[in-house]
Amino acid sequence: MNKDSFYIKYKELFDLFNGIFLENSVLVTGAILAPVVVVSTSYENSFILACAFSIITFFTVLLSSFVPRTIPVAIRSIIYTLIACLIFIPTSALFERYYSDTLNKLGVFVPLLVTNSLIVVKSESHFHKMKKGRMAFELFCHMVGFYWVIILIGSVREIMAGTFNGVPLNNFVSIKTASLPFVGFILTGMLASIVQLIRCNLMLVDEEAPTTSHYADVISTKINNQSDPQAEEEDDNQEQPNDTQPTDDTDETQPTE
Amino acid sequence: MENAIYIFGEVSSYMLMAVFLQNTIFSRSLGASTGLVVARNNYNVFVFGGMMTFIMLLSSLISCAISPLVEDAENKYYITPFIYTIIIAIAYVITLFMISLLMYKKRDYLLKMVHASAFNCAVLGSLLLANNMTDLSLGGHLGFALGSGIGFILASFLTAIVKDKLYNEYVPISFRGFPLSLIFLGILSISIYGLIGHELPF
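Note that the protein sequences, when read in sequence, are chains A and B. When the letters of the first sequence are read in order and numbered with our numbering, they come out as residues -4 to 252. When the letters of the second sequence are read in order and numbered with our numbering, they come out as residues 86 to 287.
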């Protein structure tokens, strides 16, 4: 482990922009999968979903940060979702006006954005623990992260189906199944593997299980070990475990009751 | 007697439809992230899924009573998520009370899971989908909710039993864990797609 590694050196900066790539809410944490896998079958669908997601999530998390912490977690979660439902009303009215047909095609997936994990879970466990400015910036990064993933997957699937933004592409073999969910699962999995490879190389973590919550522990352990060479030596002498699945029961997604 | 058989038939047919034809995870990816969290955190799939099914059943029972009131509302599309969230919240609070009163010994273990099992896409999604089906009776509502829950358990169980393989050290680092889980779900999704009688158009 090189303590002068690029990631360690600029960790503070990376942490700020984590939502775009290194902690992407679709490809790394898997928090928002349904719209990406099922209905991001064209550029237009993806664009509308990304915009709706951004508006609903950003304003909900921002407004819900004003809910007093004295209220029990169980009630707070209900309030967050209700705030999201209220923001859904003007958002969907706006899209209904300009993209009525596409909104109909998206079916239940736009209303379902009110229960996305960033609102229900991560706002409590992550965003509301920050100062408002930092929270807004990190939220914005998560929006950007969701936006590039859904647009990329939607565009690829539309091109696979032989069109782009509604225009037929000549000289392209069209794959009619590109709009089915299994293509979405496999494409998202492939993209997630590329992101994971980059994460591993950047963070110089190559032997531990690649789970999000685990990474933070691995990095902090390694950084601590650098200041204690003896501990690092002992660590190296330890036998490597056969199974690398996470043994901790870290549950970053569950707020405690 | 005839009525009972009819209701049983209705519940069974909607349940089978929700388990196989419209599986929450394989056909709509609703609750896929929740399913992966269940597998990743070593939660008991059956306990978690059972709790989710209970909340779905309770919610669908309430929504079946309330649906006719909002059926002809002018802004039905806009207000439906709000109404269903309140319904889920009621079911959630009832579940919390039941756990606190009836299952005192396993209270902490269950409370850890109950939040994620109530507020997720699978629960709200099953209510919204049932709402979109026209003229669905009480049997249909209950059958669809029960089937959605069982479908979630089936999909989560299939993911949980191969968790060791998905996180195995012999799997290349880029695919290990989450990416491979998604590809695995994709392969299962295509097999279910074929199993229920679809043919691929190529």
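For every residue, glycine included, the Cβ atom is placed at its ideal position computed from N, Cα and C. The structure displayed is predicted, hence computed values, not measured ones.
- The DSSP-derived three-state label of F159/A is strand.
- The beta carbon of I148/A sits closer than 8 Å to those of V31, S35, S41, G179, L182, T183, L186, all from its chain and outside the five residues before and after it, given in chain order.
- Around I151/B, the same chain offers I168, I172 as residues with beta carbons nearer than 8 Å, after the five sequence neighbours per side are excluded.
- Under a 10 Å Cβ-count criterion, Y75/A is classified as buried, with 16 or more other Cβ atoms of the shown protein chains found around its own Cβ.
- By the rule that beta-carbons nearer than 8 Å mark a contact, P163/A does not touch chain B.
- Per DSSP, the continuous alpha helix (DSSP H) segment holding Y99/B begins and ends at 87 to 101.
- Following the DSSP letters along the chain, one finds M136/B inside the alpha helix (DSSP H) bounded by residues 130 to 155.
- Taking 4 residues as the minimum length, the alpha helix (DSSP H) runs contained wholly in the stretch 122 to 156 of chain A are 127 to 155, in order along the chain.
- Taken through DSSP and simplified to helix, strand or coil, N253/B comes out as strand.
- Residue burial is scored here from C-beta neighbours: N111/A has at least 16 other C-beta atoms within 10 angstroms and is therefore classed as buried.
- Taking a cut-off of 8 Å for Cβ pairs, the stretch 138 to 147 of chain B and the stretch 243 to 261 of chain B do not touch, as fewer than three such pairs fall below it.
- In the DSSP annotation of this structure, the continuous segment of the alpha helix (DSSP H) that includes Y38/A starts and ends at 38 to 59.
- Interface with chain A (8 Å Cβ-Cβ cutoff): G236/B is excluded.
- Following the DSSP letters along the chain, one finds Q191/A inside the alpha helix (DSSP H) bounded by residues 176 to 198.
- If you check each beta-carbon in the stretch 170 to 188 of chain A against every beta-carbon of chain B, the ones closer than 9 Å belong to I170, K171, T172, L175, P176, F177, V178, G179, F180, I181, L182, T183, G184, M185, L186, A187, S188.
- Contact annotation: the stretch 175 to 187 of chain B does not touch the stretch 105 to 113 of chain B, with fewer than three C-beta pairs closer than 8 Å.
- I275/B has its alpha-carbon roughly 33 Å from the corresponding atom of Y177/B.
- The Cβ-Cβ distance between F229/B and Y91/B does not fall below 8 Å.
- If you look at I27/A, you'll find it isn't in any alpha helix (DSSP H); DSSP assigns it neither H nor E.
- Cβ-Cβ distances below 8 Å link I164/B to V155, A158 in the same chain, with the five nearest sequence neighbours on each side left out; the list follows chain order.
- Taking every protein chain shown into account, the CB of V168/A has fewer than 16 other CB atoms within 10 angstroms, so this residue is exposed.
- Neighbours of P106/A in chain B, taken as residues whose beta carbon is under 7 Å from its own, are T165, P166, L213 in chain order.
- The straight-line gap separating the alpha-carbon atoms of V115/A and E87/B is approximately 44 Å.
- The C-beta of Y162/B comes closer than 8 Å to at least one C-beta of chain A.
- For V62/A, no Cβ of chain B is located within less than 8 Å of the residue's own Cβ.
- Nearest to S233/B by C-alpha distance, out of N127/B, G134/B, A124/B, is G134/B.
- Contact between the stretch 255 to 271 of chain B and the stretch 234 to 247 of chain B is present: 3 or more CB-CB pairs across the two stretches fall below 8 Å.
- Residue state for D10/A is assigned as helix, using DSSP reduced to three classes.
- The beta carbon of H226/B does not come within 8 Å of any beta carbon belonging to chain A, so the residue lies off that interface.
- Straight-line spacing of the CA atoms in G116/B and V123/B works out to 10 Å.
- Contact annotation: the stretch 122 to 130 of chain A does not touch the stretch 195 to 205 of chain B, with fewer than three C-beta pairs closer than 8 Å.
- For N99/A, the enclosing alpha helix (DSSP H) covers residues 95 to 101.
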